[in-house]
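Reviewing the structure listed below.
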Ligand SMILES: Nc1ncnc2c1ncn2[C@@H]1O[C@H](COP(=O)(O)OP(=O)(O)OP(=O)(O)O)[C@@H](O)[C@H]1O
Ligand SMILES: [Mg+2]
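Chains as they are written, first to last, in the numbering used here: chain A, 2 to 214; chain B, 6 to 377.
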């Protein structure tokens, strides 16, 4: 469904070239839970940004249903991210002036009922109308999970969603993502192998390349 | 939504714009009230053309003949009156005003021509040291029925005998009128003033201009409203240049301040914009959102400022202007025009800075927490 072919991402760091991703070829299959494991600085986040169209590769191609992401304009790519992808980042980024429920409706204004149900299923039934600063870190990350799930995306990209949480909360977030993704795929990046216990497949990454191939 | 939930940040922005708009509107309207008051004082001269000889007091009938021969518009009446000087108060000190003394029948015509709605008290008796004044004059000089205005020992408001106010004319216009007989009895040099009235009052200005051309080179003095308008605008031209400069500087200062404020305020929201962009909003959508928010703040501040200025001006009018019969236009269109550059300049600066920020903006940097 998402096919990365020989993609590289190069940063120019004081004249010196840094290969955040180096000649990576990878497919995300429909409905799978793909784990990407690697130490800090190995290029996991970079790979995720490439797959989700947040960054353009320096070389190589990314196809989504056979369509080259680089051939899309900004607006089409934003549309793709909004309608077909879901994101959970390392930090639970929410809009501080909106309540838990409103944060989700900001993406999908028409899905009030579904948003309420989702939040309830994620254990936030009583906290729909709280502002982010009135929620704990784990609760905030669960709101982010609900936001990622609201449009029933084809793929959810999760970049270390557990990093800011303790182990129990972290595992809970991964489980919730896994349970509620329905038909969608889940691509999760982490340096913690225990978080990938329920994954279908794990790719390992070091210094910008996939290993074990 | 952002605006409502962040009243703490929004209100100061609105307030700054409000204060700026209020300041500019009030200053301009108050300054405009000076020439406006002067024009109001002399408004009565738009009802006629006044003519008096400069050199030879017996020339008045000749001038009248010249001015009534082949006029471009129909003339209704000519009144011959006597006049003397008096002083009224204005915002910028004392201004000369004319006491016009005419016969009883002419007074009736004159008052009707000036749109008077009657008189409290009575008309001056022929030959008696008596006068009538209009309500504005009474308020301005704090005169009541029975008060003595012109006096032998008052060089500014002189008459050979003490002249009593016996009637107050119900009219907006400023008028001081007396009876011709008394003036004829007491003035050392008899000079007749001719007042020439056109049939159609709206054509008086046209006639006045024609008369000026016709009388060029004669030893006659003409009095016409448009001359007073011209004089007052010439008088204040320098003042207005200074005001333009001051307001210009004010607009620049406020705009710079507001631009910086708005910039800080939008910078605090880069995380929000980065996140929204990462999860699927386009730059255009976000720009539009910022634009609408800025518009609400700026236009809101502008309207509140106009309302506040109106409040200030209404207070100034009630406390300062009306008791002295000074004129103030609380809805001064020129003052309104002067406030327009403020919101426009601020909007341009706000949009400019936001656009610059968005141009090279990488949502990943926000999501990665490399910014904040
Ligand atoms: N904007 C940038 N400019 C220069 N180098 C960068 C930039 N972003 C990332 N890098 C480099 O690219 C490499 C991969 O970074 P990336 O963030 O993808 O790693 P990561 O595997 O996600 O690490 P972590 O687990 O710490 O999040 C690192 O060596 C990093 O220093
Ligand atoms: Mg990372």
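Every residue, glycine too, gets a C-beta built ideally from N, C-alpha and C.
Original post:
Per DSSP, residue 299 of chain B is paired with what?
Top reply: Here residue 299 of chain B refers to the residue found at position 294 of the second chain. The bridge partners DSSP lists for residue 299 of chain B come to none.
Subject >> Residue-level contact to chain A via CB, residue 258 of chain B, 8 Å cutoff >> reply: On the second chain, residue 258 of chain B is found 253 positions in, with the first residue counted as 1. Not flagged as an interface residue toward chain A: residue 258 of chain B, since no C-beta distance is shorter than 8 Å.
Subject >> Endpoints, alpha helix (DSSP H) assigned at residue 71 of chain A >> reply: For this step, residue 71 of chain A is matched to residue 70 along the first chain. Going by DSSP, residue 71 of chain A is part of no alpha helix (DSSP H) at all; its letter is neither H nor E.
Original post:
Assuming residue 109 of chain B contacts residue 197 of chain B under a Cβ cut-off of 8 Å, what Cβ separation, rounded to an integer in Å, is found between them?
Top reply: The sequence position of residue 109 of chain B within the second chain is 104, counting from 1. The sequence position of residue 197 of chain B within the second chain is 192, counting from 1. No, residue 109 of chain B and residue 197 of chain B are not in contact; Cβ-Cβ is about 17 Å, not under 8 Å.
**OP:** Would you tell me roughly how many angstroms separate the C-alpha atoms of residue 289 of chain B and residue 331 of chain B, rounded to the nearest one?
**Re:** Here residue 289 of chain B refers to the residue found at position 284 when the second chain is read from its first residue. Here residue 331 of chain B refers to the residue found at position 326 when the second chain is read from its first residue. Looking at the two C-alpha atoms, the distance is approximately 53 Å.
Subject >> Residue ranges of each beta strand (DSSP E) within the segment 157-185 of chain B, 3 or longer >> reply: Listed in chain order, they are 168-174, 181-184.
Subject >> CA-to-CA distance, residue 41 of chain B to residue 239 of chain B, given in whole angstroms >> reply: The residue you call residue 239 of chain B lines up with position 234 of the second chain. The residue you call residue 41 of chain B lines up with position 36 of the second chain. Taking the straight line joining both Cα atoms gives about 13 Å.
Subject >> For residue 226 of chain B, the first and last residue of its enclosing alpha helix (DSSP H) >> reply: Locating residue 226 of chain B in the second chain gives position 221, where the first residue counts as 1. Not the alpha helix (DSSP H): residue 226 of chain B falls in the beta strand (DSSP E), residues 225-228.
**OP:** Return yes when the C-beta of residue 31 of chain B is under 7 Å from any heavy atom of ligand 2, and no when it is not.
**Re:** Taking the first residue of the second chain as 1, we reach residue 31 of chain B at position 26. Outside the cutoff, so no.
**OP:** Examine ligand 2 and report whether any of its heavy atoms sits within less than 7 Å of the Cβ of residue 45 of chain A.
**Re:** Here the question's residue 45 of chain A lines up with position 44 in the first chain. Within the cutoff, so yes.
Subject >> Distance CB(residue 226 of chain B)-CB(residue 48 of chain B) smaller than 8 Å >> reply: Here the question's residue 226 of chain B lines up with position 221 in the second chain. Here the question's residue 48 of chain B lines up with position 43 in the second chain. The Cβ-Cβ distance between residue 226 of chain B and residue 48 of chain B does not fall below 8 Å.
Subject >> Classification of residue 106 of chain B by the beta-carbon crowding that lies within 10 angstroms, buried from 16 upward >> reply: Position 101 of the second chain, counting from 1, holds the residue named residue 106 of chain B. Per the 10 Å Cβ criterion, buried.
Subject >> Closer than 8 Å to chain A by CB, residue 12 of chain B >> reply: Here residue 12 of chain B is taken as the residue at index 7 of the second chain, counted from 1. Output row for residue 12 of chain B: interface = no.
**OP:** Spell out whether any CB of chain A is found under 8 Å from the CB atom of residue 376 of chain B.
**Re:** Translated into positions along the second chain, residue 376 of chain B becomes position 371. Unreliable positioning characterises residue 376 of chain B in this predicted model, as indicated by a pLDDT of 48, which lies under 50. A coordinate reading is not provided.
**OP:** Starting from residue 76 of chain A, find everything on chain B with Cβ-Cβ shorter than 8 Å and list it in chain order.
**Re:** Within the first chain, residue 76 of chain A is the residue found at index 75, counting from 1. Per Cβ cutoff of 8 Å: 287, 289.
Subject >> Best match in B:250, B:122, B:18, B:256 for proximity to residue 345 of chain B [C-alpha to C-alpha] >> reply: Stepping through the second chain from its first residue, residue 345 of chain B is reached at position 340. For residue 345 of chain B, the nearest C-alpha among the options comes from B:256.
Original post:
When DSSP builds the beta bridges, which residues end up paired with residue 204 of chain A?
Top reply: Working through the first chain from its first residue, we reach residue 204 of chain A at position 203. Paired residue(s): A:37.
Original post:
Where does the unbroken alpha helix (DSSP H) through residue 329 of chain B begin, and where does it stop?
Top reply: Stepping through the second chain from its first residue, residue 329 of chain B is reached at position 324. Per DSSP, residue 329 of chain B belongs to no alpha helix (DSSP H) and is neither H nor E.
Original post:
Skipping 5 residues on each side, what residues in its chain have a beta carbon closer than 7 Å to that of residue 1 of chain A?
Top reply: As displayed, chain A neither begins before 2 nor continues past 214, which places residue 1 of chain A out of reach and without an answer.
Original post:
Does the Cβ of residue 279 of chain B have 16 or more other Cβ atoms within 10 Å, making it buried, or fewer, making it exposed?
Top reply: Counting from one through the second chain, the residue named residue 279 of chain B turns up at place 274. Buried, because 16 or more other Cβ atoms sit within 10 Å of the Cβ of residue 279 of chain B.
Original post:
Exposed or buried, what is residue 361 of chain B when buried is set at 16 or more other beta-carbons lying within 10 Å of its beta-carbon?
Top reply: Counting from 1 along the second chain, the entry for residue 361 of chain B is found at position 356. Exposed, by the Cβ-count rule.
Original post:
When you compare only the Cα positions, how much space is there between residue 154 of chain A and residue 167 of chain A?
Top reply: For this step, residue 154 of chain A is matched to residue 153 along the first chain. For this step, residue 167 of chain A is matched to residue 166 along the first chain. Answer to the nearest angstrom: the Cα atoms are 27 Å apart.
Original post:
Ordered along the chain, which non-local residues of its own chain (more than five positions away) have a Cβ less than 7 Å from that of residue 1 of chain A?
Top reply: Here chain A comprises residues numbered 2 to 214, so residue 1 of chain A is not present and cannot be evaluated.
**OP:** Determine the contact status of residue 191 of chain A and residue 172 of chain A, defining contact as a CB-CB distance below 8 Å.
**Re:** Along the first chain, read from residue 1 onward, the residue named residue 191 of chain A stands at position 190. Along the first chain, read from residue 1 onward, the residue named residue 172 of chain A stands at position 171. Not closer than 8 Å, so no.
Original post:
Under three-state DSSP, which class holds residue 274 of chain B?
Top reply: As a working note, residue 274 of chain B is residue 269 in the second chain. Correct three-state label for residue 274 of chain B: coil.
Subject >> Partners in chain B for residue 105 of chain A, counting only beta-carbon separations shorter than 8 Å >> reply: Numbered from 1 along the first chain, position 104 holds the residue referred to as residue 105 of chain A. At a C-beta separation below 8 Å, residue 105 of chain A has no neighbours in chain B, since its nearest C-beta there lies roughly 11 Å away.
Original post:
Does any residue of chain B bring its CB to less than 8 Å from the CB of residue 204 of chain A?
Top reply: Numbered from 1 along the first chain, position 203 holds the residue referred to as residue 204 of chain A. Taking a beta-carbon distance threshold of 8 Å, residue 204 of chain A does not count as an interface residue toward chain B.
**OP:** Count the other CB atoms, across all protein chains shown, that sit within 10 Å of the CB of residue 377 of chain B; report buried if there are 16 or more and exposed otherwise.
**Re:** Position 372 of the second chain, counted from the first residue, corresponds to residue 377 of chain B. With a pLDDT of 40 at residue 377 of chain B, under the threshold of 50, the modelled position of this residue cannot be trusted; read the value that follows with caution. With fewer than 16 other beta carbons inside 10 angstroms of its own, residue 377 of chain B counts as exposed.
Original post:
At what residues does the beta strand (DSSP E) containing residue 24 of chain A begin and finish?
Top reply: For this step, residue 24 of chain A is matched to residue 23 along the first chain. Here the beta strand (DSSP E) through residue 24 of chain A covers 17-29.
**OP:** Identify each residue in the segment 340-372 of chain B for which the Cβ-Cβ distance to at least one residue of chain A is less than 7 Å, and report them in chain order.
**Re:** Per Cβ criterion, the list reads 368, 369, 372.
**OP:** May I ask whether a heavy atom of ligand 4 can be found less than 7 Å away from the beta carbon of residue 299 of chain B?
**Re:** This structure simply doesn't include ligand 4; it includes ligand 1 and ligand 2 instead.
**OP:** Could you tell me which chain B residues have their CB closer than 8 Å to the CB of residue 21 of chain A, listed as they occur along the chain?
**Re:** Along the first chain, read from residue 1 onward, the residue named residue 21 of chain A stands at position 20. Chain-ordered listing is empty here: chain B has no CB closer than 8 Å to the CB of residue 21 of chain A, the nearest sitting near 11 Å.
Original post:
Got a sec? Which residues, its chain only, sit under 7 Å from residue 234 of chain B by beta carbon, not counting five neighbours each side?
Top reply: The sequence position of residue 234 of chain B within the second chain is 229, counting from 1. Closer than 7 Å at Cβ, skipping near neighbours: 44.
**OP:** Please name the residues in the segment 310-337 of chain B whose beta-carbon is closer than 8 Å to at least one beta-carbon of chain A, in chain order.
**Re:** Taking 8 Å as the Cβ-Cβ cut-off, the segment 310-337 of chain B has no residue approaching chain A.
Original post:
Is residue 111 of chain A close to chain B, meaning its C-beta is less than 8 Å from at least one C-beta of that chain?
Top reply: One-based indexing of the first chain puts residue 111 of chain A at position 110. Not closer than 8 Å to any Cβ of chain B, the Cβ of residue 111 of chain A fails to qualify, so no.
**OP:** Tell me whether the beta-carbon of residue 138 of chain B lies closer than 8 Å to the beta-carbon of residue 173 of chain B.
**Re:** Residue 138 of chain B sits at position 133 when you count from the first residue of the second chain. Residue 173 of chain B sits at position 168 when you count from the first residue of the second chain. Yes, Cβ-Cβ distance for residue 138 of chain B and residue 173 of chain B is below 8 Å.
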